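Residue numbers (the numbering used here): 19 to 474.
Take a look at the structure set out below.
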Ligand code: CA
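Written out as structure tokens, the structure is:
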């Protein structure tokens, strides 16, 4: 048996034993919460060593759970990572390799409806399912969260949003569209991050008596850089204005995670909730920097070097997975769906070939070895790609291939010269890529964003 076959074997095992899997009493099935942040740098949480932005509540997830030091996004930018997270599959299998432009009339640019989602699967397993925050998986009605397995939605359908305002009338630009509450337009009250946090806490309170799946996708700390004085005041000591505002935005997320965790704890649900915390890609660096920090990783958002794809990543299930530990083997957001389904006793629809695997046996220590023989990335239909197998990483940006041993070169600064293993990695990439399709749609050339402006 090769490791490459593991995902299919997992699927078979689940498919053959639904009665056993579903026999667990409902109260033993965990709630599932995915907290996704947007454009956060690898080094911008306390659990990865951040010093200037305290994140005690996010850190508590790593303390009560497992910090995945090689936790990856499936793509170095927004929407494709979300498509992978939603489906447990490499997004290249179904052509979702770019950002959909915000256009409610566009029936192509979105997560293909041929693909079922983690919400579909958990809903079929008896979970109530809520999406809160940034969607970015298509703006046409057929792509709406309520059509993709979610029973409730609060947030916005585009790729980003102004943190203080919406435009209720006329045809607003992407970043000013009204909030969407299960298909109905709403104004935005207060600071967007706070609004999403309040909705998340309300969701778990509303559904405390039934198993729930909450997908909480903050758009912070994605641009525009905007924060209210409440959070900015915490960072008067940071001289750099961009970093100061970014810190305020991250701090607001931390408060929000705290609000959610407090609700779970008050309701006695925390120990039986499986939580994932991660970013959708690395922090942007260079001219598009949002003030984030990927130290010690190379480059950032958009890149197939580690700074683009390795992200803050923690998995917490206090009642089942022993906490306070690090897990260093490579894992990915494609593993969230299989892990959640294994925990919930649900099954993906027959015929779905998942690329992700359940991390439960690895995080519980009953399985050794790597969850994946290799992880793969591909951008722009193949202009750049990367492979990680064990600690060996082949990055192939447009400038050409470079092989690294991440064991002592996390920063990808010392390319290995003339190494025979490079051809093997390339060959594995070719095999993986043979099962991919061309992108179904292109990213918009330019997204018009309101200029960042803080409010008192
Ligand atoms: Ca992003």
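Where a beta carbon is used, it is the ideal one built from N, C-alpha and C, also for glycine.
For clarity, every value in this text was computed on a predicted model and none was experimentally measured.
Closer than 7 Å: residue i CB and nearest ligand 1 heavy atom
i, result
"residue 117", "no"
"residue 240", "yes"
"residue 96", "yes"
"residue 56", "yes"
"residue 299", "yes"
Helix, strand or coil at residue i according to DSSP, with G and I counted as helix
i, result
"residue 329", "coil"
"residue 403", "strand"
"residue 265", "helix"
"residue 246", "strand"
"residue 201", "coil"
"residue 304", "helix"
"residue 66", "helix"
"residue 151", "strand"
"residue 463", "coil"
"residue 349", "strand"
"residue 182", "coil"
"residue 274", "helix"
"residue 171", "strand"
"residue 294", "strand"
"residue 439", "helix"
"residue 257", "coil"
"residue 28", "Its pLDDT being 38, under 50, residue 28 is placed unreliably by the model, and the measurement read from it follows with that caveat. Residue 28: helix per DSSP, three-state reduction."
"residue 166", "coil"
"residue 451", "helix"
"residue 42", "With a pLDDT of only 48 at residue 42, under 50, the local geometry of the prediction cannot be trusted, and no value is derived from it."
"residue 397", "strand"
"residue 90", "strand"
"residue 231", "strand"
"residue 423", "strand"
"residue 100", "helix"
"residue 375", "coil"
"residue 411", "strand"
"residue 334", "strand"
"residue 111", "helix"
"residue 344", "strand"
"residue 223", "helix"
"residue 339", "coil"
"residue 75", "helix"
"residue 85", "strand"
"residue 475", "Outside the modelled stretch of the chain, which goes from 19 to 474, sits residue 475, for which no answer is possible."
Cβ separation of residue i and residue j, assumed to be a contact under 8 Å, to the nearest whole Å
i, j, result
"residue 108", "residue 329", "Their Cβ separation, rounded to whole angstroms, is 17 Å, which puts residue 108 and residue 329 out of contact at 8 Å."
"residue 407", "residue 395", "Not confirmed; about 13 Å, so no contact."
"residue 99", "residue 353", "Wrong, their Cβ atoms sit about 13 Å apart, outside the cutoff."
"residue 245", "residue 267", "5 Å"
"residue 147", "residue 132", "In fact, because the Cβ distance is near 20 Å, the residues do not count as touching under 8 Å."
"residue 415", "residue 321", "7 Å"
"residue 167", "residue 187", "With a Cβ gap of about 31 Å, residue 167 and residue 187 do not count as contacting."
"residue 61", "residue 351", "The pair is not a contact, with the Cβ atoms about 19 Å apart (cut-off 8 Å)."
"residue 290", "residue 49", "7 Å"
"residue 412", "residue 440", "6 Å"
Cβ neighbours of residue i in the same chain (closer than 6 Å, five flanking residues each side left out)
i, result
"residue 217", "150 and 172"
"residue 64", "73 and 77"
"residue 334", "79, 82, 83 and 293"
"residue 232", "51, 148 and 221"
"residue 425", "409"
"residue 143", "362 and 364"
"residue 86", "331, 345 and 349"
"residue 192", "120 and 176"
Near ligand 3: residue i beta-carbon under 7 Å from a heavy atom
i, result
"residue 187", "Ligand 3 is absent from the structure shown, which contains only ligand 1."
Neighbourhood of residue i by C-beta distance below 7 Å, restricted to the same chain and skipping five residues each side
i, result
"residue 163", "149, 153 and 171"
"residue 377", "333, 349, 353, 357 and 389"
"residue 326", "94, 299, 300, 317, 318, 319 and 320"
"residue 461", "116 and 117"
"residue 47", "229, 362 and 363"
"residue 456", "113 and 399"
Contacts around residue i, its chain only, beta-carbon distance under 8 Å, and the 5 residues preceding and following it disregarded
i, result
"residue 197", "172, 173, 174, 184, 203, 204, 205, 206 and 213"
"residue 260", "243, 307, 308 and 309"
"residue 39", "Bear in mind that a pLDDT of 42 at residue 39, under 50, signals an unreliable position, so the model cannot answer this."
"residue 42", "With a pLDDT of 48 at residue 42, under the threshold of 50, the predicted position of this residue should be treated as unreliable, though the coordinate-derived value follows. The residues are 363."
Do the region 118-127 and the region 356-367 meet, that is, are 3 or more Cβ pairs less than 8 Å apart?
no
Hey, is the region 164-179 in contact with the region 135-154, meaning 3+ C-beta pairs nearer than 8 Å?
yes
Are the region 267-277 and the region 205-221 in contact at 8 Å, needing three or more beta carbon pairs?
yes
Counting pairs of beta carbons, one from the region 48-59 and one from the region 286-298, are three or more of them closer than 8 Å?
yes
Please confirm if the region 278-294 is in contact with the region 217-234, defined as three or more CB-CB distances below 8 Å between the two stretches.
yes
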